[in-house]
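Residue numbers (UniProt numbering): 1 to 124.
Every residue gets a Cβ at the ideal spot worked out from N, C-alpha and C, and that includes glycine.
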């Protein structure tokens, strides 16, 4: 009985430490650094279970819910595109969003690899 109670207490503690960092996309508007991922990830599963397609307009974000559509604007050239969040990341410190290769191309950031961007969630 003591072991069972101890196990329950430990599980409760661990569950309390786990955080659900998903944010409400309504009004989301952040500025930060974007990067992109492409060929080496082609066909691999994303966090939401679909296969990554470097030619699709998708992105990885740490906190926005899957399916959220965001407008990403490159602050150095004012180019923008709309992407759908389907993965978690970026996994590099200091980055706000990881874009598909197609989205990066539309934003004019393929050569540099990163860009300062504004990310705005769209209300559908």
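Selection 66, 51 and 81 evaluated against residue 21 yields 66 as nearest (Cα-Cα). Selection 60, 124 and 84 evaluated against residue 33 yields 60 as nearest (Cα-Cα). Only residues of its own chain outside the window of five on either side were considered, and among them 33 and 35 have a CB closer than 6 Å to the CB of residue 95, listed in chain order.
The Cβ atoms of residue 119 and residue 82 lie no closer than 8 Å to each other. Boundaries for residue 101: no beta strand (DSSP E) harbours it, while the alpha helix (DSSP H) harbouring it runs 101-106, taken from the DSSP string. With 16 or more other Cβ atoms inside 10 Å of its own Cβ, residue 68 counts as buried. The Cβ atoms of residue 48 and residue 102 do not sit closer than 8 Å to each other.
Relative to the Cα of residue 57, the nearest Cα in the group 23, 64 and 107 belongs to 107.
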